[in-house]
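Residue numbers (our numbering): 753 to 941.
Note that CB positions come from ideal geometry on N, CA and C, so glycine has one too.
It should be emphasised that the depicted structure is a prediction, and the values quoted were computed from it without experimental measurement.
Reading through the structure tokens given below for one structure.
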């Protein structure tokens with residue numbers, strides 16, 4: 753005589769492999785989604801950290817140039833200060849490189865108009881990289897850096913993140929001035 757537990761309806765026999773099929777397809781999909789979420793989280797973190805680095809660099813360059821005389825030596829110091837403050841930051845645990853873009857034979861010591869660190873005149877929201885500032889309050893430093901971040905997925909390759917920030921010098925009526933972040937809508941010669 754058979755026990756009741758040994759007898760299975762015909763539909764139950766067809767469902768035996770269902771759980772295994774779901775496990776075989778579901779687990780890899782869940783792991784893929786987890787890796788994708790981690791990848792985009794890492795990308796977001798890198799963007800925030802790169803923004804912080806370029807803001808610190810722009811503020812340091814504007815402060816250095818604004819606090820001192822407008823001569824080639826102090827412009828070189830401003831370029832180097834922006835570079836140093838930018839490189840003092842890390843992006844997802846790795847150091848970043850910032851080109852100082854300094855050449856004291858050119859206007860505002862900018863070696864190239866597309867360099868990472870640019871000094872120039874700020875009028876309104878327009879940054880003039882090839883115009884010497886008429887007043888100390890027009891001295892500005894603009895920093896733009898690109899960073900390559902490899903994806904966790906090899907087939908996605910590498911993401912390139914760009915961040916840009918600008919700071920202008922405010923001349924305080926009492927004592928030394930201070931830099932402030934500014935919005936730049938266009939960069940012209």
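Contact set for residue i: own chain, Cβ-Cβ below 7 Å, skip 5 residues either direction
i, result
"residue 833", "812, 813 and 816"
"residue 868", "850, 851, 853, 895, 896 and 897"
For residue i: DSSP bridge partner residues
i, result
"residue 930", "922"
"residue 939", "879"
Residues near residue i by beta carbon distance below 8 Å, same chain, minus five either side
i, result
"residue 720", "As displayed, the chain neither begins before 753 nor continues past 941, which places residue 720 out of reach and without an answer."
"residue 848", "802, 805, 838, 839, 841, 842, 897 and 899"
"residue 844", "794, 797, 798, 801 and 901"
"residue 938", "877, 878 and 879"
Coil, strand or helix - residue i by DSSP
i, result
"residue 914", "strand"
Proximity test, Cβ basis, 8 Å: residue i and chain B
i, result
"residue 934", "No chain B is present in this structure, which holds just one protein chain."
Proximity below 8 Å, CB of residue i to CB of residue j
i, j, result
"residue 787", "residue 874", "no"
"residue 935", "residue 877", "yes"
"residue 871", "residue 836", "no"
"residue 824", "residue 861", "yes"
"residue 931", "residue 793", "no"
"residue 887", "residue 879", "no"
Contacts around residue i, its chain only, beta-carbon distance under 6 Å, and the 5 residues preceding and following it disregarded
i, result
"residue 882", "859 and 941"
"residue 889", "923"
"residue 910", "900 and 902"
"residue 929", "818, 921, 922 and 923"
"residue 820", "826"
Notebook entry, point to check: Which ranges would you report for the beta strand (DSSP E) in the region 836-909 if only whole runs of at least 3 residues count?
Noted result: 869-875, 878-880 and 891-902
Item checked: Residue ranges of each alpha helix (DSSP H) within the region 789-829, 4 or longer -> none
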